[in-house]
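The block underneath contains the structure these notes are about, expressed in structure tokens.
There are 6 protein chains.
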Amino acid sequence: MLIDVHGHVSAPDKLYSYKANLLSHRGAHGRGGPRISDDELRAAQDAPNPSFGNASHMDHLDGAGVDLQLISPRPYQMMHSETGRLVQWFTEETNTVIHRLCELYPERYKGVAGLPQSPELDVQEWTAELRRTVTELGFAGCLLNPDPHEGTAVPPALGDRYWYPLYEALCELDVPAIIHGAGCRPPTREPYSLHFIQEETVAIWSLLSSSVLTDFPDLKIVVSHGGGAIPYQVGRFLPADVRGSNRPYMERLRSLWFDTCLYTQDSIELLLRTVGVDRALFGTEKPGTGSQRDPRTGRWFDDIHLLIGDIDWLTPTEREQIFAENARKLFKL
Amino acid sequence: MLIDVHGHVSAPDKLYSYKANLLSHRGAHGRGGPRISDDELRAAQDAPNPSFGNASHMDHLDGAGVDLQLISPRPYQMMHSETGRLVQWFTEETNTVIHRLCELYPERYKGVAGLPQSPELDVQEWTAELRRTVTELGFAGCLLNPDPHEGTAVPPALGDRYWYPLYEALCELDVPAIIHGAGCRPPTREPYSLHFIQEETVAIWSLLSSSVLTDFPDLKIVVSHGGGAIPYQVGRFLPADVRGSNRPYMERLRSLWFDTCLYTQDSIELLLRTVGVDRALFGTEKPGTGSQRDPRTGRWFDDIHLLIGDIDWLTPTEREQIFAENARKLFKL
Amino acid sequence: MLIDVHGHVSAPDKLYSYKANLLSHRGAHGRGGPRISDDELRAAQDAPNPSFGNASHMDHLDGAGVDLQLISPRPYQMMHSETGRLVQWFTEETNTVIHRLCELYPERYKGVAGLPQSPELDVQEWTAELRRTVTELGFAGCLLNPDPHEGTAVPPALGDRYWYPLYEALCELDVPAIIHGAGCRPPTREPYSLHFIQEETVAIWSLLSSSVLTDFPDLKIVVSHGGGAIPYQVGRFLPADVRGSNRPYMERLRSLWFDTCLYTQDSIELLLRTVGVDRALFGTEKPGTGSQRDPRTGRWFDDIHLLIGDIDWLTPTEREQIFAENARKLFKL
Amino acid sequence: MLIDVHGHVSAPDKLYSYKANLLSHRGAHGRGGPRISDDELRAAQDAPNPSFGNASHMDHLDGAGVDLQLISPRPYQMMHSETGRLVQWFTEETNTVIHRLCELYPERYKGVAGLPQSPELDVQEWTAELRRTVTELGFAGCLLNPDPHEGTAVPPALGDRYWYPLYEALCELDVPAIIHGAGCRPPTREPYSLHFIQEETVAIWSLLSSSVLTDFPDLKIVVSHGGGAIPYQVGRFLPADVRGSNRPYMERLRSLWFDTCLYTQDSIELLLRTVGVDRALFGTEKPGTGSQRDPRTGRWFDDIHLLIGDIDWLTPTEREQIFAENARKLFKL
Amino acid sequence: MLIDVHGHVSAPDKLYSYKANLLSHRGAHGRGGPRISDDELRAAQDAPNPSFGNASHMDHLDGAGVDLQLISPRPYQMMHSETGRLVQWFTEETNTVIHRLCELYPERYKGVAGLPQSPELDVQEWTAELRRTVTELGFAGCLLNPDPHEGTAVPPALGDRYWYPLYEALCELDVPAIIHGAGCRPPTREPYSLHFIQEETVAIWSLLSSSVLTDFPDLKIVVSHGGGAIPYQVGRFLPADVRGSNRPYMERLRSLWFDTCLYTQDSIELLLRTVGVDRALFGTEKPGTGSQRDPRTGRWFDDIHLLIGDIDWLTPTEREQIFAENARKLFKL
Amino acid sequence: MLIDVHGHVSAPDKLYSYKANLLSHRGAHGRGGPRISDDELRAAQDAPNPSFGNASHMDHLDGAGVDLQLISPRPYQMMHSETGRLVQWFTEETNTVIHRLCELYPERYKGVAGLPQSPELDVQEWTAELRRTVTELGFAGCLLNPDPHEGTAVPPALGDRYWYPLYEALCELDVPAIIHGAGCRPPTREPYSLHFIQEETVAIWSLLSSSVLTDFPDLKIVVSHGGGAIPYQVGRFLPADVRGSNRPYMERLRSLWFDTCLYTQDSIELLLRTVGVDRALFGTEKPGTGSQRDPRTGRWFDDIHLLIGDIDWLTPTEREQIFAENARKLFKL
């Protein structure tokens, strides 16, 4: 069985024209809504998408044999840096679309919430939507964007007490948060896709160098895209164990989880060797950045199940852990 | 014959999901495009719209007997205050949609261009799109937003030399500009719809108190919504004629044109009495803000042809001037 | 009888050289005072003023047959955007000058207070001067400037709770506030005189779209200059009645009062038709902006009693309401 | 004979109510003017002033036996930090008032110009008024305020090339500049009167540590109030002569001139001993800060001629130099 | 006996390479420490210093016959405007170095503390180090920098309640504070050495024009460098006694103490005459700014004991007061 | 033979106390210099350093068998975000120390320059020091910090024309630049050591997505620390090859060079597999972050030669390329 922990919703155009409208009237038309029918929702799962190799979301899942996918909002659309009220409305509508898809495809989809992470709102205010999605809509967890300013200012690091109300709610509801950036606006130098990597790198550093993991021993954090730069640069952090009196770095690192959303076998191997098979979760971001066929191999770049399949030193049990067991336990699926 | 100089395009959702996408990837996916078919364009003209009294764009035009409508971008969607490159792409795509509609409905629609008025771009750069739309696409004029910051900063007044490259291009191409605000974002206190009025008020003041009308004697400026507050407050400006040595205020005021886009007969009468019938252009903004039926009368609020029809002191010739002749001459229709 | 609710004090030069001095020593000389004698006060009422057609304040009142005028500070001199302590001193001295004039001319003048609306002070601190002028000096009300920053920053809208301490004091003392802007400094584009109009427009919008009128059912608000742009643009706000569930717009609008300080008959007629005769108060701003003779008619532009006299559809009772009765009741004169 | 190089104009209230007006209408009323009659000018010289011990300007000059006084604008009124155009108008009107006084009292007064030192204007633009006053009005020099921001920002130091256009004009016209601060606004901590001292201290440091005196060997600079802190702290700068290779500090210091505007004999003695009698100019600032009678001695604090008279080690020739000769040569009187 | 109240520590290079390191790793290496041996401390007292005329700290003390010197941190090294945590670490290490020197040279040195005056820290937090140094390390007082921003922003004046927690601690511990600036960074125009003078000038003004001396009658404040500009400019402040109702200026001024750290006899005489012998404390800043030999006299510029010796009108008792008695009582030595 | 391209200078304390002094007097003492003797330079190479496992620089080189090391300034000490003039002085002094060490140890050391990358200076001004070090001092290349603001602002990306004057100078002198961050100050969230990684990641993205490599085909760029996150995340960038028309990503990536400064064998293997053996340069940063002994293995973490030695699939020729040949050719050693 294949459980993909890293999927993003394929929503009809109406959700985004709704968003464009919000950003234009700035609330003057009231909240309104995207007014999407079930048929339109289904059509959006089956429509071939030129950005994704002209295959549909369902084509991609079927092709890779993904049995169950956790779906969350398209991160780059989350617009956390916009006006609080607008972020709130759009986030809630997006989560509602996800929920409706989970009801239409109960075997295929499980929801992961976006949070209205506007810096204009108190962190406490973000947690209302976490509660609604988990307790009322049955979602399995949420995304956590370490940079609600989307590149326009420097936020408090994840180790800062600023974030504690969210950690408290996550522990209370006993669901994981998946570290995943959102958009990235000027003045930063990087596109959103690289910003994800940079934010994951900072996020791990922020968490491991703070007392978050001690203060919240039950907090479950998944880091997307194989943990940014950290597994590759891990040697850089080990000598400090000798200099200082902290809990060993590897022990701290292995209190997090990591998805396998990397598109080369070498990198996935390095990840597994570094953080351990028991901390890795199958994740594809399908359809998404990697949804093109590699002209040299004919494979989709994001056919991560094939890359994992090619790793000869994994045992069947280990493969099963990565593909489904770890996720099943962590997300209580 | 009825020529409506104040119409805004009814575009398919795809144009706005395209916009939402631009605002999210910030250019990282490249320019792309909204990929709209002719059928989708036609459907958008005929779809009943709940925001507009459940009637379609065509229903509204037919109902009011509008023969020809000048259509421009929906102003509140123009997003001038966003990143220059994104503004440019979206403006061009919007104008292209307008052009395609003009080709599909050559008798019904005539294009009025939006300009990529990003403060990040030189005014000179805005004029390229003016030239393209007028010389290549046959547009009759353009919108001019006096506040490209959309409420987030104070722009140079329209009397400032900052705007001269645009005035030069307008004169060279011999087309009018229609003063019309765009969006309105925090920190301003007013919604975009009131911002239009405020900007028109400032625009008239800025133009009349500067040397623009002397420096560009052939410049043709139409002010939307009956000129903001000016015709109503006109008495306030007359005593200065006695104090100063300027050209008389009324003479300066009457070098501009005004549309009749006001939704009460009293106001339209005041406008006509103040600026003169020869300076008034029939304009409805249909379908738009006024597209609801007045429960007391059963009329659409924006049935401005009926309001003008009710003015008993207008001669048939004057009515004809307002309804069609003035516009025909000004826009060379 | 003619009661003019819109008059501003004619003070001796010493009041303004006092102000210039404050702005120069910034408090280093202590508060001091303008040291004006009664004779100087009287002379200032009788001195012909070249800015006002070479007639004196008294000439203007006598000429127009104004029996009683409510006088407040010259708004453009109020300097709300300066340092709090200086604003406080100058406002108090100005109100004291007004009070002394009211004592010298008890039949002719009634005081309307300026408030020390410095953004550096708490709104609560402004109300001390309101209390002093009303309870100790017998003033009939106060001015309320919606933009204490005088164009240098965006203030909270009048619907914001920021303003509530002032509304509470007004209700407690049971006196009206007259919406009237003060100065206007860069970076805005408009002169103070147009800023008045823009602020009145925003003020009405802010009040009517908020819960102020519900939270303070007894609050009495007069809007100067015939309500800015709103009566002229009123049609723009009516369709929302159909879309939303608010109290009807006209009902909300008619919970405010409006002065007739417009210098054309057409505009005054539009005002009276729009808000109703029972909501209109005779106001001239004499001597002021309109104090020049119209060369075409020989009349003073601000001879508003003549303009109202020329409106043929008003009954004698209605004229009496506008000229005196409404003001008498509202201000308890 | 007594020549007092440090006097400020006593102008009628009208000049300052004109200023208050400019700061309120911000130019909307046009430039206008203070409209002062000759009688009003004369009255201002003869009116007893409560701030100055109830004596008039002329009383003070007569009492001290001042034969000729150089009069410049009241520095704290110069408002350099306001909008450029307003500064220009007010400065020119002030200089014109000074000029008219010099014509009314040709034996008693000689003009020293204020410059429109708005940071919004180019330094080049300031020099037009220097040229007008020197070449057309016969002024003997000008004030130079090292801090045109009046405490709201940090200006370029006087050694910076920013100031060179002014130095060039001073050399070309061959007139001295008198270093004298203007107002002082928040956020600084000091009142304008102490700001003068601080600015003089920085000014001397800035000039002596730069190449100004080498680049403009003919530049004549007078420092007010005995040179701020420098003569008292002079020892602090001497050891650097040993460390570095500059021209000796005392030599550089003595290329400037200093007025005696200090109100204690000890300080004047220290000044004379430090900079030399040949670099000292009699200056009183009469009437001004020091125009109160010392209750212990009955003398006016600013009776500086008496303090100098009490210095027993000065020769008659030296006294004559200080009282008149140095000034006569420097200002070509 | 000679007690010098104005000395600064001569510390080994390691203290400053430690500081450079802090400013580079910004805390990433942890606090660490300068790791200085007693031998290195002693060597730093005995090493000839080219900046100080090639004589050592001890040479200077011996040469001048200084028996006891109060030593505090080198002010220009205190870096108060840097990150709070770094300021705290460096200040504590510097005070510890001072303490170790006092233990190595118990007859020669007495400690005066630097405080971690980072604007990022609460004033309350600064006082912990004051308590530690006074109660645990036996220090005699502390430095007080009126400008913790070091020229990069305007701090609250010393009369502001911002400073009250420090005044409270000083009174509670019954130790004096010595007013002394620290560094001076852009955008100010002056070097740190002149900034000291300017800050002392403002400090005296701020204290005397506030209620600090009334609120803290037991507060003991010493002003360095002879009080900046104030004793020289003292006449400027006396006329206000006549105008206002304050306690006489001289009385207020004489509630402070002043060191004699001026390098010319004239200035020291002026100081003594102005503030009185009983308010003057012998201070040299040796070795420091003045540690060069005057080529004309062969004396060290900072041989202030010689300058005082040359003042012929001082009695032996007065000399003794200045040289030792005043300091002994004030600092309880 | 072992050539280590990534070494940083071990300088005596005096260089850093010199730096601390510059940051304190801000130039007021003049440039001065660190005054280091040859003996002190040699001692600094041989002194055991507690931060580096109590071994000396030479111990580390000898222990690892490094024959030749390229030494550059300690990056975290470079203080690029400080005042331009101070950066210039300190950078030049540091390079001079490096040069003197190269002369003392001509077989062991080869210089790599730091540049005075202050954002206050023009990029053109930075190149003077590049020219001096390469043409006069024989240096082999320079460091290039992509973030001269050190975390306090967002700089232009390396693809921006801002950087072109530096690229031109590098090409003209035909020397490589080594991408290496400097310090990292608030408000960023990461310590300098992680900032290096983030900056390398952005640097590669900036260069490869721009036209720099086309505009400067001969430009030689080495990326430190194995290229930040890029080789690990490389799969993320490959699908774009299919979507766009760029030169293939791997081809562009392989136009850069990468050092092996990673402290785990897995990471080094991933690097070599990703960029190719011909693009890898042996680099250790010895002594530095990795200079602690791994308690599990007894090896130094930065014994990168052992890690490379353990990679069983490398041929002897490949090892030789990595260890020396690639560097020899690139740096012309």
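Quick mapping for you: the protein sequence lines, in order, are chains L, V, C, Z, P and H. Numbering of the first sequence is given in the UniProt record's numbering, commencing with residue 1 and proceeding in unit increments. Numbering of the second sequence is given in the UniProt record's numbering, commencing with residue 1 and proceeding in unit increments. Numbering of the third sequence is given in the UniProt record's numbering, commencing with residue 1 and proceeding in unit increments. Numbering of the fourth sequence is given in the UniProt record's numbering, commencing with residue 1 and proceeding in unit increments. Numbering of the fifth sequence is given in the UniProt record's numbering, commencing with residue 1 and proceeding in unit increments. Numbering of the sixth sequence is given in the UniProt record's numbering, commencing with residue 1 and proceeding in unit increments. Here a beta-carbon is modelled for each residue, glycine too, at the ideal position from N, C-alpha and C.
Close partners of V/PRO186 in chain L (Cβ separation under 9 Å): ARG26, THR83.
Within chain H, the residues LEU23, SER24, HIS25, ARG26 have their CB atoms less than 9 Å from the CB of P/GLY183, given in chain order. Annotation: the region 14-93 of chain H contains the following complete segments of the beta strand (DSSP E) (minimum length 3 residues), in chain order: 68-72.
The shortest CA-to-CA distance from L/PRO73 to any of L/LEU281, L/PRO191, L/ALA11, L/THR284 is the one to L/ALA11. In the three-state DSSP reduction, C/VAL234 falls in the helix class (H, G or I). If you look at Z/TRP126, you'll find it isn't in any beta strand (DSSP E); it sits in the alpha helix (DSSP H) that goes 123-131. Cβ neighbours of Z/ASN21 within its own chain (closer than 8 Å, five residues either side excluded): HIS29, GLY32. Note on L/LEU143: 16 or more other CB atoms within 10 angstroms of its CB, so buried under the neighbour-count rule.
When DSSP reads this structure, L/LYS110 sits in a beta bridge with L/LEU70.
DSSP, read as helix, strand or coil, puts C/ALA182 in coil.
A direct Cα-Cα distance of roughly 49 Å separates V/HIS57 from C/THR297.
In the DSSP assignment, C/VAL242 falls outside any beta strand (DSSP E) and lies within the alpha helix (DSSP H) extending over 239-243. Here DSSP, grouped into helix, strand and coil, assigns C/PHE258 to strand. Within the region 220-238 of chain C, those residues whose Cβ lies closer than 8 Å to any Cβ of chain V are, in chain order, HIS225, GLY226, GLY228, ALA229, PRO231, TYR232, GLN233, VAL234, GLY235, ARG236, LEU238.
Distances from the alpha-carbon of Z/PRO186 to those of C/LEU330, C/GLY84, C/TYR76 put C/GLY84 closest. Contact note: V/GLY290 reaches chain C through GLY235, ARG236, PRO239, using a C-beta cutoff of 8 Å and chain order.
Leaving aside the five residues that flank P/HIS149 on each side, the residues in its chain whose CB is nearer than 8 Å to its CB run, in chain order, HIS80, SER81, PRO119, PRO155. The C-beta of P/TRP313 has fewer than 16 other C-beta atoms within 10 Å across all chains shown, which makes the residue exposed. About 6 Å separates the beta carbons of P/ILE178 and P/VAL112, which is inside the 8 Å limit, making them a contact pair. With 16 or more other Cβ atoms from the protein chains shown falling within 10 Å of its own Cβ, Z/LEU115 counts as buried. Not a single C-beta of chain Z is nearer than 8 Å to the C-beta of C/LYS332. Here the alpha carbons of H/ASP278 and L/VAL275 stand approximately 29 Å from one another.
The residue from H/ASP266, H/ARG293, H/PRO248, H/PRO75 with its alpha-carbon nearest to that of L/TYR232 is H/ASP266.
From the listed residues C/GLU129, C/LYS329, C/ARG26, C/ASP302, the smallest Cα separation to C/ALA55 is found for C/ASP302. If you look at Z/LEU271, you'll find it in the alpha helix (DSSP H) that goes 265-275. The C-beta separation of L/HIS225 from L/GLU190 comes to about 14 Å, leaving the pair out of contact by the 8 Å criterion. Under the three-state reduction of DSSP output, L/VAL175 falls in the coil class, being neither helix nor strand.
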